[in-house]
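In what follows, a single structure is set out as structure tokens and then discussed.
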Amino acid sequence: MLEVLFIGLSLGSILLLVALGLAITYGAMGVINMAHGEMVMIGAYVTVLSGIWLGANIFVAIPLAFIVTALLGLLIERVVVRKLYGRLLDTLLATWGVAILIQQAVRLEFGLSFLGIHIQGLGPGLQNVSVPAMLQGTFAIGSQDINRYRTFIILVTALLALATWFIVYRTSIGTQVRAIIRNPKMAAACGIDVTRINALTFAFGSGLAGVAGVMMSGFKTVFPDMGTSMVVDGFLVVVMGGVGSLLGSVLSAGILGEINGFVAAATNDILARAVVFGVVILIIVLKPKGLFALKGR
Amino acid sequence: MSLQRRIDWGIYAVFIVLLMVAPLVMDPFWLNRVAKYLVYGMLGIAVALSWGYAGVLNLGQGLFFGAGAYMVAMSLKLASPTSLQQGSDRPVPDFMLWNAEPGAPTELCCINKGSFLWLPFQNQWFGVAMALIMPMAIAGIIGTIVFRKRIAGVFVSIITLALVLLVRLVVIDAQPVTNGFNGLTDLGWFKIAGFEFDPYVVPTYYLVAVSLSIVLVGARLLVETRAGIILQAVRDDENRARYLGFDVPNYQTFFLVVSAAIAGFAGMLYVIVSEFASPTFMDLSFSITMVVWAAVGGRASILGACIGAILINTISATVSETEGFAEAWKAIIGLIFVLVVLYLPRGLGGLAHDLVARVAARFSPAAARELRAANTSQLAE
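Protein chains in written order, with the working numbering: chain A, 435 to 731; chain B, 18 to 398.
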């Protein structure tokens, strides 16, 4: 029982890890970023590459992945997303194209594979990352064996969620972000540089996805398509929680993670995912604004 | 008939004539391929109807396609020679036997718990009927719930997306009945009055080409009806249409059902041409890819969306045969897609409209004015 609860918590924290960045880009900016999963993938590849070329471990990869994906996010915002504000469904379609581009860039080693140059760690194959010894195995609390890496993920997710909460609710940039969520035109009229804040927000959201990728690489195989399914899960969490509500995302990730954990324990993983989709559909139908809707306009 | 309509129908006629003469210049292998792309063209029409005309971006179109495909595939699986070699005089799908519990009777009724569902599919026409009824029923239920509750925009997309992924998982999980991940393969041939539609013969191509022509013209006529025009009014301003007294959810549901029927029909034809049905039809990427085709061809143009689908697939088939270029081609598709959304939101169809208007302006300013007026009203979005 307690074990299932813990697995659910760890599944929920993985969901939240992906959803945090989306909660910000979608909630604050009204951009459906289908390339978010690819940011996760890039984060995972940063871990792989830094392991191979720099001999660095997963702790070093976290800030590195954040920087790389945040810069990439900044670029995408500049080139594509900026032209599409206010056209929600078009952002979905355009970023889907961006997602394909990023996937192919990794698969083709940025085009170098045509020239016969191969970079170890890139390409269409599968990669994996070895986790430092201190994160392997289990430790005991009372009579319960707890998986170290899962605990590490939960801790990192909690830290990131707290940091995001702090930035959004306790800093002046966060105040500006929240003003933009409520009403972008009014915010601009009050002297907020909406363009700049949007770019920063998008970069921050992408950076969070990069960190999520580092955490994923520790227990999942790394390959160019790995992000596609994650982005859907992330969106379901954000929509169910209520667009623009950080707390909503945290709670809905927890709920979905626990549901997934319990159903998987009772039946199998496939049915568990199906049940999660069913629950989300039901909640969107009953409360289209999500569980914790922000009362804005 | 306005000039705009005359030009439009002229283009439709040219397109249909091209479809009909294609077998004169193609070998059976290419004909089979093109038949598949024509099926994709039909999916483009389904997307254009629900997205371009109803303003509902359905990201679960694969659900309707998959439903249509599986329904017919079940019938064709039972018609396959592989289903008759299980020691029973009546057909039993081979995969059921491989996974049967020891001692289970080799009968469709009771070889496993769910196999009785296959019983009516022994009649091919039951499968064909279900291939249309099933998607329409699903769409009817979705539409009634979603549109009555006034759920709109991105939330419809997310609901339909979650739904197609949910059904995909259920199909994979129901392995004894659906053969799970592997899907239904080794299918028999579709038969009409004793004639067998071998996928690599000309009549099969015509089955698809004529179906596509009918769907194309039917869809075009449908959007010109009163209901079609009200639907476009709803797309442009839902509240105003409601205040004018129209029962908005009814119109939206009706068109969702039509679009689902077209997608289901496409699924059925695809199975006949390609001889398999698999859960990949309900993958996230396939449903989004359909939308990509429609967007490139022109979301607000039925023929445009159809041609977009055929064009992209034909080009990718040609290009990806060059060694090593297949992956690069995917990247190019991604790039095209970003560029189309950014710079050509009306797709190739919109571009063609502009070109026609410009050419007309050369010859008669009055005609050009008429065309421009028609364009702006049609593509107010």
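Note that the Cβ used here is the ideal one computed from N, Cα and C, for glycine as well.
Counting C-beta neighbours from all protein chains within 10 Å, is the total for residue i 16 or more, i.e. buried, or is it exposed?
{"i": "A:G461", "result": "buried"}
{"i": "A:A700", "result": "exposed"}
{"i": "B:N256", "result": "exposed"}
{"i": "A:D667", "result": "buried"}
{"i": "B:A164", "result": "The amino acid at residue 164 of chain B is misidentified as Ala; the sequence shows Phe. Looking at its Cβ environment, which holds 16 or more other Cβ atoms inside 10 Å, B:F164 is buried."}
{"i": "A:G647", "result": "buried"}
{"i": "A:L685", "result": "buried"}
{"i": "B:D25", "result": "buried"}
{"i": "B:L36", "result": "buried"}
{"i": "B:S394", "result": "Confidence at B:S394 is low in this model, with a pLDDT of 47, below 50, so its placement is unreliable and the value that follows should be read with caution. With fewer than 16 Cβ atoms within 10 Å of its Cβ, B:S394 is classed as exposed."}
{"i": "B:V31", "result": "exposed"}
{"i": "A:P497", "result": "exposed"}
{"i": "A:T605", "result": "exposed"}
{"i": "A:P566", "result": "exposed"}
{"i": "B:I189", "result": "buried"}
{"i": "B:S381", "result": "exposed"}
Is any non-hydrogen atom of the ligand SAM found closer than 7 Å to the C-beta of residue i, if you look at the structure I gave you?
{"i": "A:G724", "result": "Absence of the ligand SAM is noted for the structure shown, with no ligands found whatsoever."}
Using the Cα positions of residue i and residue j, report the straight-line distance between them to the nearest angstrom.
{"i": "A:M621", "j": "A:G608", "result": "With the sequence shown as reference, residue 621 of chain A is identified as Ala, and Met is not the correct amino acid for it. Each residue's alpha carbon lies about 13 Å from the other."}
{"i": "A:I614", "j": "B:V56", "result": "45 Å"}
{"i": "B:L396", "j": "A:V532", "result": "Summary for B:L396: the model assigns pLDDT 44, below 50, so the residue's position carries little reliability; its value from the coordinates is reported in the next sentence. B:L396 and A:V532: Cα-Cα distance of roughly 26 Å."}
{"i": "B:A86", "j": "B:A117", "result": "25 Å"}
{"i": "A:G571", "j": "A:L456", "result": "31 Å"}
{"i": "B:C323", "j": "A:V710", "result": "35 Å"}
{"i": "B:R252", "j": "B:A278", "result": "21 Å"}
{"i": "B:R316", "j": "B:G61", "result": "9 Å"}
{"i": "B:L273", "j": "B:R259", "result": "18 Å"}
{"i": "A:I441", "j": "A:F586", "result": "13 Å"}
{"i": "A:N632", "j": "A:S444", "result": "31 Å"}
{"i": "B:I176", "j": "A:I718", "result": "7 Å"}
{"i": "A:G712", "j": "A:S484", "result": "39 Å"}
{"i": "B:E124", "j": "B:L80", "result": "30 Å"}
{"i": "B:H370", "j": "B:S228", "result": "26 Å"}
{"i": "B:P220", "j": "B:A377", "result": "40 Å"}
{"i": "B:L74", "j": "B:V171", "result": "8 Å"}
{"i": "B:S337", "j": "B:G351", "result": "15 Å"}
{"i": "A:T635", "j": "A:I458", "result": "7 Å"}
{"i": "B:D106", "j": "A:I704", "result": "35 Å"}
{"i": "B:V39", "j": "B:I128", "result": "Correcting the residue type first, residue 39 of chain B is Ala in the shown sequence and not Val. In a straight line, the C-alpha of B:A39 is about 46 Å away from that of B:I128."}
{"i": "B:E398", "j": "A:K723", "result": "The predicted position of B:E398 is uncertain, since its pLDDT is 38 and thus under 50; no value can be drawn from it."}
Mapping the DSSP letters down to three states, classify residue i as helix, strand or coil.
{"i": "A:Q538", "result": "helix"}
{"i": "B:A191", "result": "coil"}
{"i": "B:F212", "result": "strand"}
{"i": "B:L201", "result": "strand"}
{"i": "A:I626", "result": "coil"}
{"i": "B:V218", "result": "coil"}
{"i": "A:I466", "result": "coil"}
{"i": "A:T655", "result": "coil"}
{"i": "A:A633", "result": "helix"}
{"i": "A:T529", "result": "helix"}
{"i": "A:I553", "result": "coil"}
{"i": "B:T161", "result": "helix"}
{"i": "A:T572", "result": "strand"}
{"i": "B:F32", "result": "helix"}
{"i": "A:F669", "result": "helix"}
{"i": "B:F207", "result": "strand"}
{"i": "B:I155", "result": "helix"}
> Whole alpha helix (DSSP H) runs in the stretch 579 to 617 of chain A with 4 or more residues, listed along the chain?
Replying inline: 582 to 604, 606 to 616
> Below 8 Å, can you find three or more Cβ-Cβ pairs linking the stretch 307 to 326 of chain B to the stretch 361 to 372 of chain B?
Replying inline: yes
>> List, from N- to C-terminal side, the alpha helix (DSSP H) runs of 4 residues or more that fit wholly inside the stretch 55 to 98 of chain B.
In response: 78 to 96
>> For the structure I just gave you, are there three or more beta carbon pairs, one from the stretch 531 to 542 of chain A and one from the stretch 468 to 479 of chain A, closer than 8 Å?
In response: yes
>> Quick test of the definition: if touching needs 3 or more C-beta pairs under 8 Å, does the stretch 128 to 137 of chain B touch the stretch 234 to 252 of chain B?
In response: no
>> Which runs of the alpha helix (DSSP H) at least 4 residues long sit entirely within the stretch 282 to 315 of chain B? Give them in chain order.
In response: 301 to 314
>> With a threshold of 8 Å, are at least 3 pairs of Cβ atoms found where one atom belongs to the stretch 138 to 157 of chain B and the other to the stretch 640 to 647 of chain A?
In response: no
> Taking contact to mean at least 3 C-beta pairs separated by less than 8 Å, is the stretch 514 to 521 of chain A in contact with the stretch 344 to 359 of chain B?
Replying inline: yes
> Do the stretch 549 to 561 of chain A and the stretch 476 to 491 of chain A meet, that is, are 3 or more Cβ pairs less than 8 Å apart?
Replying inline: yes
>> Does the stretch 493 to 506 of chain A come into contact with the stretch 690 to 698 of chain A, if we say contact requires no fewer than three beta-carbon pairs (one atom in each stretch) closer than 8 Å?
In response: no
>> Check whether the stretch 92 to 111 of chain B and the stretch 202 to 210 of chain B touch, using three or more Cβ-Cβ pairs below 8 Å as the test.
In response: yes
>> If contact is defined by three or more beta carbon pairs under 8 Å, each pair taking one atom from either stretch, is the stretch 37 to 57 of chain B in contact with the stretch 326 to 336 of chain B?
In response: yes
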